[in-house]
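Whatever position you read off the sequence shown (first residue = 1), add 508 for my numbering. Ideal Cβ placement from N, Cα and C applies to all residues, glycine included.
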Amino acid sequence: MTYAGDRVLYDADTHIMELPDFLKKFADPEIRDLLPLVDYGRSLVTDEEVAVIMDNGSQHSAEHKESLIALGDRMITEVKEIQALGSFDKHDRVIANDMLGFKKQLVFPTHSLHMPFSPSSKIEDKVRYGGARAHNRHMADFCSIDDRLMGVAAIPLENPELALQEVQWSIDNGLEAMWVPHRLAGERSPTHIDFNPIWALLQEAQVPVVFHVGGNPLQLKPGWSNTGRGVTKDWMGGGENVRARDAAVLHQGIETFISMMILDGVLEDFPNLKFASV
């Protein structure tokens, strides 16, 4: 019996836990050295446990995999992040999927988009979009092994022409949703007419735009924490992730994005464009 049992379950928020070379491994040679290693500084994952995996050929040990499989249904609750079965290895993900029994999984990245999705104007297009392409190649490769996996592409919007190229590449290579940052696209609103070719392509392909935690900086501006009461701990105890005060306003950026799409007439021009906030 799988975890799902007789239930028909679709997982709308599963993740890859990227290894340090996630972007570099699939990057064009001319920009590989310009791309950052994946940084685990804002997660519970330690550098030491990542080093153990990398030293073992970028995979879990056979003993670790066997211990995870032995958990059966408890695997989904007892082991998380990079230690979970199939968290970064596509072959292990097939085993995990067989045990869980989900019909489909929408697959997001976790830590690899800090640079491609950064609002900084100092990032060159070749680096930002080279990083997005490396991510999308890796995501397409990861999901290619199992049609239950629905890969999510990363689409920065700073450069409309390059963003359109990335959307087209992602559709052509089987990615099934387009994650865009829920913020201004540089100095443009995402409702700017320069983005109309993107919305037209996605409407025609019936591929949804998705929003997700991480598509904009998670935390409130520092001034909101200047209360004289000390730093509020996050839900995992570390103080550096999402705190209750952050969670209370996470939706606002997405609501602003969608509101402008409605009020500026984009959804009248493209009435069959699909969106999901995950």
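Counted within 10 angstroms of its Cβ, other Cβ atoms place residue i as buried (16 or more) or exposed
| i | result |
| --- | --- |
| Glu574 | exposed |
| Ala784 | exposed |
| Met623 | buried |
| Ala559 | exposed |
| Gly513 | exposed |
| Met788 | Lying before the first or after the last residue shown, residue 788 is absent from the chain, which here runs from 509 to 786. |
| Asp536 | exposed |
| Ile707 | As written in the sequence, residue 707 is Trp, which differs from the Ile given in the question. The residue is buried, with at least 16 neighbouring Cβ atoms inside 10 Å. |
| Pro779 | exposed |
| Arg656 | buried |
| Pro664 | buried |
| Gly747 | With a pLDDT of 44 at Gly747, under the threshold of 50, the modelled position of that residue is not reliable, and the figure given next carries that caveat. By the neighbour-count rule (16 or more Cβ atoms within 10 Å), Gly747 is not buried but exposed. |
Residue range of the unbroken beta strand (DSSP E) whose run includes residue i
| i | result |
| --- | --- |
| Gly659 | 657–662 |
| Lys573 | Where Lys573 is concerned, there is no enclosing beta strand (DSSP E), although the alpha helix (DSSP H) it sits in stretches over 570–578. |
| Gln676 | Taken as a continuous stretch (DSSP letters only), Gln676 belongs to no beta strand (DSSP E), being part of the alpha helix (DSSP H) at 668–680. |
| Asp754 | From DSSP, Asp754 is part of no beta strand (DSSP E) but of the alpha helix (DSSP H) over 752–755. |
| Leu614 | 612–616 |
| Ala512 | Taken as a continuous stretch (DSSP letters only), Ala512 belongs to no beta strand (DSSP E), as it is neither H nor E. |
| Tyr548 | Taken as a continuous stretch (DSSP letters only), Tyr548 belongs to no beta strand (DSSP E), as it is neither H nor E. |
Supposed contact pair residue j and residue i - C-beta distance, whole angstroms, cut 8 Å
| i | j | result |
| --- | --- | --- |
| Ile679 | Val715 | 6 Å |
| Lys588 | Leu517 | Not a contact, Cβ separation roughly 19 Å. |
| Glu586 | Leu579 | 6 Å |
For residue i, the first and last residue of its enclosing alpha helix (DSSP H)
| i | result |
| --- | --- |
| Thr764 | 759–771 |
| Tyr787 | Only positions 509 to 786 of the chain appear in this structure, which leaves residue 787 out of reach. |
| His599 | 598–608 |
| Leu775 | 774–777 |
| Asp563 | 555–563 |
| Gln591 | First-last for Gln591: undefined, no H or E at that position. |
| Trp687 | Segment 685–687 is the beta strand (DSSP E) holding Trp687; no alpha helix (DSSP H) there. |
| Ala708 | 704–713 |
| Thr585 | 583–586 |
beta-carbon residue i near the ligand GTP non-hydrogen atom, thresh 7 Å
| i | result |
| --- | --- |
| His599 | The ligand GTP is not part of this structure, which contains no ligands at all. |
- So, do the segment 591–611 and the segment 522–532 have three or more beta carbon pairs nearer to each other than 8 Å? In short, these stretches touch, since the Cβ pair count reaches three.
- Query: Quick check: the segment 645–660 against the segment 539–555, are there 3 or more CB pairs under 8 Å?
  - Reply: no
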